[in-house]
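**Q** Here's a structure for you.
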Amino acid sequence: MRIFRVVNNPTDEMLLQDDLDRLDNYCIINRLDLNVSNALQFHLLVKRNIFKSTYKIKNQNLNRVSEIRDLGVLLDTKLLYDKHVDQIVSKASRMLGYLSRSSKDFTKLKTIKILYCALVRSNLEYASQIWNPHYEVYIQRIERIQKKFIRFLKFRFKLNSSLSYEAICAQLHLLPLALRRNINDITLLINIANNKVDCTPLLDKLFFKVLANNHPRSARSHSNLWTPFSHMKFRSNSNLAYHSTN
Numbered sequence: 481m482r483i484f485r486v487v488n489n490p491t492d493e494m495l496l497q498d499d500l501d502r503l504d505n506y507c508i509i510n511r512l513d514l515n516v517s518n519a520l521q522f523h524l525l526v527k528r529n530i531f532k533s534t535y536k537i538k539n540q541n542l543n544r545v546s547e548i549r550d551l552g553v554l555l556d557t558k559l560l561y562d563k564h565v566d567q568i569v570s571k572a573s574r575m576l577g578y579l580s581r582s583s584k585d586f587t588k589l590k591t592i593k594i595l596y597c598a599l600v601r602s603n604l605e606y607a608s609q610i611w612n613p614h615y616e617v618y619i620q621r622i623e624r625i626q627k628k629f630i631r632f633l634k635f636r637f638k639l640n641s642s643l644s645y646e647a648i649c650a651q652l653h654l655l656p657l658a659l660r661r662n663i664n665d666i667t668l669l670i671n672i673a674n675n676k677v678d679c680t681p682l683l684d685k686l687f688f689k690v691l692a693n694n695h696p697r698s699a700r701s702h703s704n705l706w707t708p709f710s711h712m713k714f715r716s717n718s719n720l721a722y723h724s725t726n
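Going from the sequence shown to this note's numbering is simple: count from 1 and add 480.
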């Protein structure tokens with residue numbers, strides 16, 4: 481269970497504490513036990529000046545943490561996702577090592593490719609619409625896993641070593657990981673815009689451009705979406721904003 485509220489002032493803090501008190505009363509009335517020691521307090525700091533109250537349940541302070549795992553994604557207070565990238569790259573690297581060791585008797589490249597997609601690549605793409613990085617250092621760290629797999633295939637199956645990474649990917653029908661993540665982002669954006677994904681909060685953040693047919697800019701417009709300007713990298717680099725303008 482997650483209880484959350486946007487906190488911009490002390491009144492919001494009091495309202496959040498009231499929410500926790502109501503939850504506690506509900507559990508008491510329905511004879512449900514709350515394990516307060518397992519309850520965590522987590523702040524998303526999108527502003528410099530943030531209110532950091534200590535919230536309570538049953539007069540016990542909730543443990544404050546700087547990172548938390550939610551549905552398999554490691555969240556930090558600034559939504560940088562650097563630790564999440566570190567974790568999935570480490571796991572994918574271990575799985576790739578296991579794959580290379582355990583596939584010594586396999587003779588078909590297609591079989592190893594299927595295993596790579598199932599065991600390795602899947603770890604690098606789970607919920608990527610949430611954490612898809614825009615900093616080159618993280619993009620390259622993730623891509624390095626597939627480059628290592630391509631080198632393994634070149635050595636194992638005597639592929640043309642003069643071909644570039646992109647050429648080998650095209651030959652094996654393996655898109656670069658960064659491109660696959662962007663495709664997943666755009667697919668989600670299209671599905672939200674066409675109401676194929678039931679997500680009203682995100683749909684409300686999409687602003688569609690409406691121009692007259694004879695407007696001089698109509699023919700030059702590359703995007704049907706408009707994104708409000710933001711001074712904060714947190715918002716301007718968000719996947720929703722990035723793909724709305726690109």
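For each residue, glycine too, the CB sits at the ideal point set by N, CA and C.
Remember, it's a predicted structure, so these values are computed and weren't measured experimentally.
Extract the residue ranges of the beta strand (DSSP E) inside the region 495-540, only unbroken runs of 3 or more that lie entirely within it.
**A** 520-522
**Q** Only counting the same chain, and skipping five residues up and downstream in sequence, which positions put a Cβ closer than 7 Å to that of Lys558?
**A** As a working mapping, residue 558 is identified with position 78 in the sequence shown. Same-chain partners within the cutoff: Leu525.
**Q** As a quick exercise: from Phe637, Asp492, Leu503, Leu555, pick the residue whose alpha carbon is nearest that of Phe586.
**A** Taking the sequence shown and counting its residues from 1, one reaches residue 586 at position 106. Selected option, being the one with the closest Cα: Phe637.
**Q** Do you know whose CA, among Arg624, Ile672, Leu555, lies nearest Glu616's CA?
**A** Working through the sequence shown from its first residue, we reach residue 616 at position 136. Ranking the options by Cα distance to Glu616, first place goes to Arg624.
**Q** Let me make sure I understand the geometry here. Which of Asp513, Leu686, Leu657, Leu654 has the alpha-carbon closest to that of Leu669?
**A** The residue you call residue 669 lines up with position 189 of the sequence shown. It is Leu686.
**Q** Consult DSSP for Arg544 and reduce its assignment to one of helix, strand or coil.
**A** On the sequence shown, position 64 is the one that residue 544 refers to. It is a strand residue.
**Q** Ser582 to Gln651, Cα distance in whole Å?
**A** Walking along the sequence shown from the start, residue 582 turns up at place 102. Walking along the sequence shown from the start, residue 651 turns up at place 171. So the alpha carbons of these two residues sit roughly 24 Å apart.
**Q** May I ask you to report which of helix, strand or coil DSSP gives Val487?
**A** Residue 487 sits at position 7 when you count from the first residue of the sequence shown. Residue state, collapsed to three classes: coil.
**Q** Expressed to the nearest angstrom, what Euclidean distance is found between the alpha-carbon atoms of Arg681 and Gln609?
**A** As a working note, residue 681 is residue 201 in the sequence shown. As a working note, residue 609 is residue 129 in the sequence shown. Note on identity: in this sequence residue 681 is Pro, with Arg being the wrong assignment. When rounded, the distance between both Cα atoms is 16 Å.
**Q** Determine the burial state of Asp498: buried for a count of at least 16 other Cβ atoms within 10 Å of its Cβ, exposed for fewer.
**A** The residue you call residue 498 lines up with position 18 of the sequence shown. That one is exposed.
**Q** By how many angstroms is the C-alpha of Phe522 removed from the C-alpha of Arg595?
**A** Taking the sequence shown and counting its residues from 1, the one referred to as residue 595 is at position 115. Taking the sequence shown and counting its residues from 1, the one referred to as residue 522 is at position 42. Residue 595 is actually Leu in this sequence, not Arg. Answer to the nearest angstrom: the Cα atoms are 37 Å apart.
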